[in-house]
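Chemist: Residues in the sequence shown are numbered consecutively from 1, following full-length UniProt numbering.
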Amino acid sequence: MLNIAKKILRIKKELPILQLKEPPPSVLEADLTEFDVANSHLPSEVLYMLKNVRVLGHFEKPLFLELCKHMTFQQCQQGEYVFRPGQPDTSIYVVQDGKLELCLCVYVIQDGKETLVKEVFPGDSVHSLLSILDVITGHQRPYRTVSARVAEDSTVLQLPVEAFSAVFEKYPESLVRVVQIIMVRLQRVTFLALHNYLGLTNELFSHVRIPKGPRSDFDMAYERGRISVSLQENSTIALDDSRERKSVMVEEQPSGIYHYNYCEDDSATGDCPFGPYQGRQTSAIFEAAKRELVKLMKIEDSSLLNNRVLLHHAKAGTVIARQGDQDVSLHFVLWGCLHVYQRMIDKAEDVCLFLVQPGEMVGQLAVLTGEPLIFTIKANRDCTFLKISKSDFYEIMREQPSVVLSVAHTVAARMSPFVRQMDFAIDWMAVEAGRALYRQGDKSDCTYIVLNGRLRSVIQKANGKKELVGEYGRGDLIGVVEALTHQVRATTVHAVRDTELAKLPEGTLNNIKRRYPQVVTRLIHLLSQKILGNLQQLRGSFPGKSIGLKDNLSTVAVLPVCDEVPMAAFTLELKHALNAIGPTLLLTSDIIRARLGASALDSIHEYRLSGWLAQQEDIHRIVLYQTDYTLTPWTVRCIRQADCILIVGLGDQEPTLGELEQMLENTAVRALKQLILLHREDGPSPARTVEWLNMRSWCSGHLHIKCPRRVFSRRSPNKLREMYGKVFEKNADRHSDFSRLARVLTGNTIALVLGGGGARGCSHIGVIKAMEEASLPIDLIGGTSIGSFIGALYAEERSAVRTKQRAREWAKSMNSVFATVLDLTYPITSMFSGSAFNTSIHKVFQDKQIEDLWLPYFNVTTDITASAMRVHKDGSLWRYVRASMTLSGYLPPLCDPKDGNLLMDGGYINNLPADIARNMGAKTVIAIDVGSQDETDLCNYGDSLSGWWLLWKRLNPWAEKVKVPDMAEIQSRLAYVSCVRQLEVVKSSSYCEYIRPPIDRFKTMDFGKFDEIYDVGYQHGKMVFGGWCRGDIIAKMLQDRHSADFYESKRMDVLMCPSGGFTDLAEIISRIEPAKSYLSEEESDYLTEYEEEGMDAVREEEGQELLFAPAEQNEPIHRGVGLT
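1) Along the chain, which unbroken stretches of the alpha helix (DSSP H) at least 4 residues long are found entirely within the segment 134-205?
2) With F393 as the anchor, note down where its alpha helix (DSSP H) starts and where it stops.
3) Given a cut-off of 9 Å, decide if V407 and L437 are closer than it, judged by their beta-carbon atoms.
4) Tell me where the alpha helix (DSSP H) around H576 begins and ends.
5) Relative to the C-alpha of I449, which residue among A502, G434, A671, R497 is closest?
6) Residues in its own chain within less than 6 Å of L28 by CB, not counting five upstream and five downstream?
7) State the DSSP-derived secondary structure class of C337, mapped to helix, strand or coil.
8) Cα-Cα, which of F837, L664, H679 is closest to G649?
9) Evaluate L231 with the Cβ neighbour count: other Cβ atoms within 10 Å of its Cβ, from every protein chain shown; 16 or more gives buried, anything less gives exposed.
10) What residue from T410, T635, A687 has the CA that sits closest to D652's CA?
11) At what residues does the alpha helix (DSSP H) containing C1029 begin and finish?
12) So which of L983, W949, D915 has the shortest CA-CA distance to G931?
13) How many angstroms separate the CA atom of V964 from the CA atom of C939?
14) Report yes if the CB atom of S697 is closer than 9 Å to the CB atom of L672, and no otherwise.
15) Apart from the five residues just before and just after L609, which ones in its own chain have a Cβ nearer than 8 Å to its Cβ?
16) Tell me which same chain residues have a C-beta within less than 8 Å of the C-beta of S255, skipping the five on either side of it?
17) Does the segment 1006-1021 come close enough to the segment 706-722 that 3 or more CB-CB pairs lie under 8 Å?
18) In the DSSP assignment, find the alpha helix (DSSP H) that holds M723 and state where it starts and stops.
19) Starting from M869, trace the beta strand (DSSP E) both ways and give me its first and last residue.
20) Determine the extent of the alpha helix (DSSP H) in which I768 is found, giving its start and end residues.
21) Cα-Cα, which of E506, C337, Q326 is closest to S391?
22) Kindly indicate which three-state DSSP category K315 falls into: helix, strand or coil?
23) T571 to L587, Cα distance in whole Å?
24) Counting along the chain, where does the beta strand (DSSP E) carrying D1000 start and finish?
25) Ordered along the chain, which non-local residues of its own chain (more than five positions away) have a Cβ less than 8 Å from that of C352?
26) Could you give the residue range of the beta strand (DSSP E) that holds G649?
27) Could you spell out the range, first to last residue, of the beta strand (DSSP E) harbouring G453?
28) Could you say if the segment 413-429 and the segment 605-624 meet the contact criterion of at least three C-beta pairs nearer than 8 Å?
29) With DSSP collapsed to three states, give me the class of H702.
30) In the DSSP assignment, the alpha helix (DSSP H) including M422 goes from what residue to what residue?
31) Do A193 and residue 1134 have their beta-carbon atoms positioned less than 9 Å apart in this structure?
32) Work out the CA separation of L853 and N919 for me, nearest whole Å.
33) Can you name the residues that DSSP bridges to Q74?
34) If you reduce the DSSP assignment to three classes, tell me which class L877 lands in.
35) In angstroms, rounded to a whole number, what distance separates the CA positions of R514 and T508?
36) Is it buried or exposed, residue 1127, if we count other Cβ atoms within 10 angstroms and call 16 or more buried?
Here you go:
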C-alpha cells in the first residue's frame, strides 16, 4: 500500500548527491612565505650559507656553527672582481646583498667582453664542489677561466674551505660524508644535466693522460715479466664467454711468500696467461703493482690490501662492467688499457669517453656514491689489471678513512675543464614542500631539471580562478620553453613534496650552445617532444573526480582507514601487479629498520634516509610506502614522500573517516588523494560510495577493488609468506582490479569508448566479448547515447555474457507497441511523455549511483540550457543514461537533478567521446563507432512529403519501394553530421584505436534484430583483435608508457639487483660492530614477508632462498658495510 501511495503521490526516494568540493588551497597554491630570515634564531648570513651550500646542510649543527665562525664579510664596489683567473680557488662566496656576475674568460665574444654564464643575486652563491674537493684533498688549484665580477655594490660572505680541515680532524666521518655528497652531486646533477638532457658525452672527461712521476718499481718489474707473459699468451686457446676473465687470489701465508690460487682449475691447459711455472715473474709484478696502488691511494699500511686485491687478465673483447651495474669495483690498470664507453642519448650507439692507461684507475665514482655505473668498461685488447671490490674498498676505508680523499681526487682529475666550469654555473637546489619554484609573470632566466620529488604547475586565469596545468616528476625539464623563447613564466610552479633540482642558468645554456652546437639539435628534440605531448593530450581543467592521475608518479603512500584493513596483503598484491609494469619497491617501517638500522628513522639520520629513498626512486618505477596504523614518524615520512596517497577502506563497512585521516586533515597535504574501497570476492556490489566521499575533504578520485579471498584470509606472517611466495611466481592477472589500479597509478589506463547509433549499438557487446577473448583489459568505460547504456551495464557487470542478457531483455521492451502507444502525448515538446522509456531504463539500473559501479564510468549529454557538452562521472545512473539517449522530438529533455538544466542526447555534441577518456588519464582509447554513415541512394521525393503516401508505399506489396529516412534516422544523422570533424580528429590521433563494425544495413530502431547485430560486432571484433594479437598492438598497449625512456636512461636491469642500495660511507667508518638484524624471526611481523627487501644478513649467510625474487640476485651484506 505504501508503494502504491508513493507512486500516486509521486514521492521520490531521495538519493544522496555527491557534494562538489574545490581542491584545498594547499593543492593549487604555493606558500606565500619565502626563505624566512626574519623569524629564524640563526643570523641571516648563517641561513644564507646553509640554504646555498647543500653540502653544509648535512653537518650536525655544532659542526656547522663551528664552520661558520670562519666566515668573513667583504664590501665590494661595482666593477671590482671578487676573484679572477690565477687567484687561488679556495673559498665559498654567498651574496648577502647586491649582485655578482660569473663570467668565463676563455670564450670571448667579438667585442672582447667576457662571457656571462650566471647572475648571482642575494642569497645565491658562487662555489664549485670540485674546487672544495681539491682543497680538501690537498690539490688546491687557481681559478683557470672563471671570474666573479661585481655588477652592483655588494656585501659578500666568504667561507674559506680550509675551515673544513679542522672539523674533519675531529670528525673523520664528516669528511667522508662531504666527499660522498660531492661525488653524488657530480654524478646526479652535473652529469645528469649535461649528458641526459644536453646529450654531451666525451666532452665531460679529460682526454689528457694523467701525468705520472719518474719510472716506478712497477714499470721495471713489469718489463721483466712481460716477455714471458707474451710468450704464454701466444699459446692460449680461445675461451668461451663464461671463461674470458681469469682471476688470481692472493692469500697471506705464514712464511710471507704469496701463493697463487687460480680461480678456475685450468693450469694444465695452458689457458691462463700466468702459468704456474712463471710464478716469480707474476709475483714480482703483483708486488710492484700493489706498491703502486698504495702510492696512488695513499694507503699508510700496505697490509690493508692483503686478501682484498684480485689480479685479472682480460682477453680482447671482454666487457669488464656494464653501464647500470650495481656491483661495481675499482680497476687499476697494469698493462694494456681499458676503453670506457657511454650510451648516447636518443641513439643506440656507444661513444668512447676515455682510455684508462697503465697506472690509472676507473670505477671510483660508482664505488664512492654507491650508485649504478654510468658507463661501460671494456678491454678492446688484452689487458691486465688489479681489482678491488666495493665491499673490500669499504673494509679498507673503515681502517683508513682518508683513503676516500685520494680516490676522490682521481675522479676530479678525470673531469674536463668544461665540467669544472659548469660545476660553478649549475646549481643544486632544494625546494621544500609548498614553496614556489617561480611564480606566474616572473622573468625566466633559467631551466630546471627535477632530480627527485614532485612539482605542480598552476595557471591563474583572468577571472582569478586557478587551474592545474601539469605535474612534474623525476627527470622532467621545467621552464625550458620560456627560457629559450625569453618569455615571462606562464604558470606558477610549486613543490608538492620536498624536491631537488638542478638549475641551469640561461647564460650557461647559451655558452654550451656556442661551444657545442650539437646541443641545439638536442634542445630542439626536447622542445618538439614537449609540444607534441601538449598537442596530443589536450589539457583540461583540474581533473576533479576523474581517475586521471598524472602519469609520472614515482611514489605512492598507502594509508589505512581502520585497523581491519589488511594492509600487508593489499600492498603485496599491488606490488605484484606493479611489477608487471616496472620494478617496484615496497617499504614499511620494519623494512627500513632492517635495511638501514634501528635508528634509521631518527631525525639525526635525515640526510642518510632522504638520500637512500631518493636513490630508490631513481632505480624503481614506483616506490610503495606502507604507513603504520598510527601517526608515527614513519607515517609522517610516507606522507611527505608521496606523489599520491591511497586511502584504503573496507567497502562493506559503514562509511567512516579514519583517525589517521582526521589527523592529516589538519596538515597541508599537497599530494593527490585517491579513495580505494576493498570488496570481498563473494560480497555484495559496491554501495554508499557517495557517503564515503562526502565525509572526506577533496579527493581526486576513487576506485573499487574486488580482492581475491587470500587478501582477507587471517594467516600468520609465516603462512602469508608461504602463500605470497607462490603468488609471486606467477604472472599477475591483467584483468584483476589490482592490475587495473597498477595501470591507473602508472598512467597506462586502457579506456573503451562506445559511440551512439541506436540499435546498431547492440554490436558494442559483441566487440566487448571479442575483447575479453583477446585478453584485453578495460580500465575505464564511457559512451554516448546507446553507448552510455551498454557501457553502464558493462561497468556494473564486468561480463559480456551478463551484459548481453540484460541488454537483450531491455531491447525486447523497446519493441513493445502497446507501451509505446500508451506513452503518446500532445506533441508540444515531444511525441512521447518519456514515462515508459524512463521505466524501462530504471528497471535495468534501479537506483544505482555512478560512483557505485565497479569500473570508472562516464557519459556525455548535450546541455541545451547552457549550450554546452556535459560529462557525467557521478550521480543517478539511470537518469544520466536516459539523458544521453534522449532523441529530440521523440522524448522530452531530462531535467538534471543537480541544477535543473535540460539535457539531451550526447550524440548532438560528441558522438564518440574518445577525447574525454584521454583527458581522464587514459593512455590508450579503443573507440567503437556505430553512428550513421552517408547514404547517397535516398529517394528524391520533391518539395513536400506525405506520410500517408509513404505508408501506402510500404504496405502495398506491388508498389515500388522508396528510400526515405524516418524521424529516428534523421536525428541519428544530425548527430553524426555535427560530430564529423571531431570524429576525424579521433580517428587520426595517436592514442586512439578506431573500430567500426559493418552495421550500416541496420536502422536506428532495429532493436528486434538484437542477436544479428550482436553477432556482426562479435565477428568483426574477433577479426580485429586477432590481428592485434598476431602483431604487437596489444603488447604496446600494456607496455609502460615511460619504460623505454626509463630503461634507456638507466641502462640497467633493475630486477637483477633490487637490493642495490644507497651506501653511507660515513656510517661504515663509524660503525664497528657487524650489521645486525633489526628483528628476530619470532618477533618479525613484516620482515619475513618481504625478505627480498629485508636483506636479513643472518638468513643470507644460512643460504636461505629469498622469497618473491626467483629471478633476482641480491647483494650479500659484507662485514662492516651498513647498507649496500
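Idealized CB from N, CA, C, for every residue including glycine.
Modeler: Let's see:
1) Counting whole runs of 4 or more residues, the segment 134-205 contains the alpha helix (DSSP H) stretches 162-170, 172-185.
2) Your numbering for residue 393 matches position 393 in the sequence shown. Taken as a continuous stretch (DSSP letters only), the alpha helix (DSSP H) holding F393 covers 390-399.
3) Translated into the one-based positions of the sequence shown, residue 437 becomes position 437. Translated into the one-based positions of the sequence shown, residue 407 becomes position 407. For L437 and V407, no; Cβs fall outside 9 Å.
4) As a working mapping, residue 576 is identified with position 576 in the sequence shown. For H576, the enclosing alpha helix (DSSP H) stretches over residues 567-579.
5) Within the sequence shown, the letter at position 449 stands for residue 449. When each option's Cα is compared against that of I449, the closest is A502.
6) Numbered from 1 along the sequence shown, position 28 holds the residue referred to as residue 28. Same-chain partners within the cutoff: V458, K466.
7) Counted from its first residue, the sequence shown places residue 337 at position 337. Here C337 sits in coil by DSSP.
8) Looking up residue 649 in the sequence shown gives position 649. Selected option, being the one with the closest Cα: H679.
9) Here residue 231 refers to the residue found at position 231 of the sequence shown. In this prediction, L231 has a pLDDT of 33, which is less than 50 and means its spatial position is unreliable; nothing more can be read from the coordinates.
10) Numbered from 1 along the sequence shown, position 652 holds the residue referred to as residue 652. Its Cα nearest to that of D652, the residue A687 stands out among T410, T635, A687.
11) Your numbering for residue 1029 matches position 1029 in the sequence shown. Looking at the DSSP string, the run of the alpha helix (DSSP H) that includes C1029 is 1010-1030.
12) Position 931 of the sequence shown, counting from 1, holds the residue named residue 931. Nearest C-alpha to G931: L983.
13) Looking up residue 964 in the sequence shown gives position 964. Looking up residue 939 in the sequence shown gives position 939. Roughly 6 Å between the two C-alpha positions.
14) For the purposes of this step, residue 697 is identified with residue 697 of the sequence shown, where counting begins at 1. For the purposes of this step, residue 672 is identified with residue 672 of the sequence shown, where counting begins at 1. No. Outside cutoff.
15) For this step, residue 609 is matched to residue 609 along the sequence shown. The answer, listed in chain order, is I592, L596, A600, L601, R637.
16) For the purposes of this step, residue 255 is identified with residue 255 of the sequence shown, where counting begins at 1. Unreliable positioning characterises S255 in this predicted model, as indicated by a pLDDT of 25, which lies under 50. A coordinate reading is not provided.
17) no
18) The residue labelled residue 723 in the question sits at position 723 within the sequence shown. From DSSP, the alpha helix (DSSP H) with M723 extends over 717-729.
19) Counted from its first residue, the sequence shown places residue 869 at position 869. That run of the beta strand (DSSP E) goes 868-872.
20) Working through the sequence shown from its first residue, we reach residue 768 at position 768. Note, I768: alpha helix (DSSP H), 763-773.
21) In the sequence shown, counting from the first residue as 1, residue 391 sits at position 391. If we check each option's Cα against that of S391, Q326 comes out closest.
22) On the sequence shown, position 315 is the one that residue 315 refers to. Three-state DSSP puts K315 in coil, outside helix and strand.
23) Indexing the sequence shown from 1 puts residue 571 at position 571. Indexing the sequence shown from 1 puts residue 587 at position 587. Distance between the alpha carbons of T571 and L587 is about 10 Å.
24) By one-based count along the sequence shown, residue 1000 stands at place 1000. If you look at D1000, you'll find it isn't in any beta strand (DSSP E); DSSP assigns it neither H nor E.
25) Position 352 of the sequence shown, counted from the first residue, corresponds to residue 352. These residues qualify, in order along the chain: N202, H339, V340, Y341.
26) As a working note, residue 649 is residue 649 in the sequence shown. Run containing G649: 644-650, per the beta strand (DSSP E) assignment.
27) Position 453 of the sequence shown, counted from the first residue, corresponds to residue 453. Per DSSP, G453 belongs to the beta strand (DSSP E) from 446-460.
28) no
29) By 1-based counting over the sequence shown, the position of residue 702 is 702. Reduced to three states, the DSSP call for H702 is strand.
30) Within the sequence shown, numbered from 1, the residue matching residue 422 stands at position 422. Taken as a continuous stretch (DSSP letters only), the alpha helix (DSSP H) holding M422 covers 417-425.
31) Outside the displayed span of the chain (1 to 1124) sits residue 1134, for which this structure offers no information.
32) Numbered from 1 along the sequence shown, position 919 holds the residue referred to as residue 919. Numbered from 1 along the sequence shown, position 853 holds the residue referred to as residue 853. The straight-line gap from Cα to Cα measures roughly 20 Å.
33) Taking the first residue of the sequence shown as position 1, residue 74 is located at position 74. V156.
34) On the sequence shown, residue 877 is found 877 positions in, with the first residue counted as 1. Helix, per DSSP.
35) As a working mapping, residue 514 is identified with position 514 in the sequence shown. As a working mapping, residue 508 is identified with position 508 in the sequence shown. Taking the straight line joining both Cα atoms gives about 10 Å.
36) Residue 1127 lies beyond the residue range present for the chain, which begins at 1 and ends at 1124; the question has no answer from this structure.
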